[in-house]
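Shown next, in structure tokens, is the structure this report addresses.
Protein chains: 2
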Amino acid sequence: MAAKRENGRKNDPQRTQEDILDVATEEFTTHGLAGGRVDAIAEKTRTSKRMIYYYFGSKEGLYLAVLERAYRKIRTLEEDLQLSNLPPEQALRVLISTTFEHDEANPDFVRLVSIENIHHAAHMLRSEAIRDLNVSVIETIAAILERGVAAGVFVRKADPIDIHMLISAFCFFRVSNRYTFGTIFRRDLSEPETMERHKGMIADAVISYLKT
Amino acid sequence: MAAKRENGRKNDPQRTQEDILDVATEEFTTHGLAGGRVDAIAEKTRTSKRMIYYYFGSKEGLYLAVLERAYRKIRTLEEDLQLSNLPPEQALRVLISTTFEHDEANPDFVRLVSIENIHHAAHMLRSEAIRDLNVSVIETIAAILERGVAAGVFVRKADPIDIHMLISAFCFFRVSNRYTFGTIFRRDLSEPETMERHKGMIADAVISYLKT
DNA sequence: TAAAATGTACGAACTAGTGCGTATGTCAAG
DNA sequence: CTTGACATACGCACTAGTTCGTACATTTTA
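Dropping the structure here:
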């Protein structure tokens, strides 16, 4: 359906699709899946609504494409962090920093995941590409925990997925619940000093938990 | 607009409104604000669409009413926990347990907050009732932390709002991201043993953090 | 009987999706 | 290297169906 071509053309399907996906991401993350309007996307695009259906078939197809691209962008960062050379505690701190900054830098991704949860992860289930993701993080954490226990710096034998959840929950929440939390407590979570303090807190909390 | 009546009538506006709100809560938490259909709500109600507009004026008005009722239900629980008699560490554990079980028991509330965040907390901002909520929790935590530091059981001088966020993030995430997390890691977060383990983990993490 | 509560039927506006025509590029034959 | 046949890329204008909201009639209660 989507043919791939080299450059030097006026017809540039690659760019057209990217353009559509950029606009669609903005629209869906701002209004949700049901709230996002195909016409609104079409208007902000260089191209027309017809092209959206030409390339993505349907509104849901477009949404799925947006979701998959967001996940694909993510995957690259999680790999090759080279944590096995670092001492366990430091390795974990680097991993936590990375997760923290990742969520902070990708609010679109966070919002899409929130939207997916409202829809019971129905679209994620249909996408194999997305399903077998994140697994590498667990292996990374598992290795760090094992080394830590072996070296005696960590006392507690914790489940890697649980630890990932403890870290991810905090980092994710800061971004996903920014607006309600900010409204209730009148606090701007995107301020640099707040960010640094929070980054230190989740790291210290996880480390001290493992040391107890 | 909304008259209050006793019982023993065929006309029971109180019950009608509650009925509408129940159905609307279900609809909005399942499909989101934009995805929720007024006609679908009307059908599942004992009454008709006309009544929805009679009592709530508009779809947004209905949504706001749903949101406010959800918050009102919550508020009751947070008060009177009588934590000041307990030693600081135990008081904190009780508070964390309460938060944990609260989010677990009120997935509707959690979902509404998620939906609000997608809409930049726009409706919360308009509702005074909601805005000055949750403040009591902060005071409770602040008192516990002070007592803890004074007694020497807590070493770290932490910000109460930060601690609330650390706790709330984990408890909230478990419910809000249940579907995506469950899909990726093939783990059922609602299993009793998992719940107990997680409840213990967040408590231990917070306590050990404060003791370091 | 006045006021509140409720039901029915309908309409205006919106929205996802499409039919059909056009433009742009590819490739092969002459 | 021009020409013609064909495939891909694109846009306008329309449709079928949905969705929020309301006008009007009716019943119930004070």
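Protein chains in written order, with the working numbering: chain S, 68 to 279; chain R, 68 to 279.
Backbone N, C-alpha and C fix where the C-beta goes; we use that ideal spot for every residue, glycine too.
All figures in this text were calculated on a predicted structure; none of them were measured in a lab.
At 7 Å on the CB atoms, spell out the chain R contacts of residue i, in chain order.
| i | result |
| --- | --- |
| T279(S) | D271 and S275 |
Classify residue i: buried if its beta carbon has 16 or more other beta carbons within 10 angstroms, exposed otherwise.
| i | result |
| --- | --- |
| A270(S) | buried |
| N184(R) | buried |
| R193(R) | exposed |
| A70(S) | A caution first: A70(S) carries a pLDDT of 34, below 50, which makes its placement in the model too unreliable to give a value. |
| G103(S) | buried |
| E94(S) | buried |
| D84(R) | According to the sequence shown, residue 84(R) is Gln rather than Asp. With 16 or more other Cβ atoms within 10 Å, it is buried. |
| A189(S) | exposed |
| I274(R) | buried |
| R253(R) | exposed |
| R266(S) | According to the sequence provided, residue 266(S) is Lys. The question's Arg does not apply to it. Flag for K266(S) reads buried. |
| P259(S) | exposed |
| A91(R) | buried |
| V202(R) | exposed |
| R264(R) | exposed |
| R241(R) | buried |
In chain S, which residues lie with their C-beta within 7 Å of the C-beta of residue i?
| i | result |
| --- | --- |
| T247(R) | V180, E183, N184, A188 and M191 |
| H169(R) | By Cβ distance, chain S contributes nothing, its closest Cβ being about 16 Å from H169(R), past 7 Å. |
| N173(R) | Ordered by position in chain S, no residue passes the 7 Å Cβ test against N173(R), which lies about 15 Å from the chain. |
In terms of residue numbering, what span does the alpha helix (DSSP H) encompassing residue i cover?
| i | result |
| --- | --- |
| Q84(S) | P80 to G102 |
| Q333(R) | Summary: the structure shown does not reach residue 333(R), with chain R confined to residues 68 through 279, and so no result is reported for it. |
| F248(R) | R245 to F252 |
| A272(S) | P259 to K278 |
| F176(S) | P174 to I185 |
| S203(R) | V202 to A218 |
| R193(S) | A189 to R193 |
| R117(R) | K116 to F123 |
| D226(R) | No alpha helix (DSSP H) contains D226(R), which DSSP labels as neither H nor E. |
| V105(R) | V105 to K111 |
What in chain R is Cβ-close to residue i, meaning under 9 Å?
| i | result |
| --- | --- |
| G99(S) | G99, L100, A101, G102, I182, I185 and H186 |
| F252(S) | N201, V202, I205, I228, H231 and M232 |
| R264(S) | D226 and D229 |
| F198(S) | A small correction: the amino acid at residue 198(S) is Arg; Phe does not occupy that position in the sequence shown. Ordered by position in chain R, the residues that pass the 9 Å Cβ test against R198(S) are T250 and I251. |
Throw me the rounded Cβ distance for the residue i and residue j pair, which I believe falls under 8 Å.
| i | j | result |
| --- | --- | --- |
| D175(R) | A137(R) | 6 Å |
| L153(S) | Y130(S) | So it is not a contact: roughly 39 Å between Cβ atoms. |
| R223(R) | T279(R) | 6 Å |
| Y122(R) | I87(R) | 7 Å |
| V180(R) | T247(S) | 5 Å |
| L212(R) | I230(R) | 7 Å |
| F237(S) | A109(R) | Not really, about 41 Å apart at Cβ, beyond 8 Å. |
| E135(S) | A172(S) | Contact flag wrong, Cβ pair sits at about 19 Å. |
Is any non-hydrogen atom of the ligand ZN found closer than 7 Å to the C-beta of residue i, if you look at the structure I gave you?
| i | result |
| --- | --- |
| S115(S) | Inclusion of the ligand ZN in the displayed structure is not the case, the ligand content being empty and no account of it being possible. |
Check: Looking at chain R, which residues of the region 213–242 of chain S have a Cβ within less than 9 Å of any of its Cβ atoms?
Finding: R223, A225, D226, I228, D229, I230, H231, M232, L233, S235, A236, F237, C238, F239, F240 and R241
Item checked: Where the region 116–135 of chain S meets chain R: residues whose CB sits under 8 Å from a CB there -> none
Next item on the list: Please name the residues in the region 152–163 of chain S whose beta-carbon is closer than 9 Å to at least one beta-carbon of chain R, in chain order.
Entry: Against chain R - using a Cβ distance shorter than 9 Å - the region 152–163 of chain S contributes no residues.
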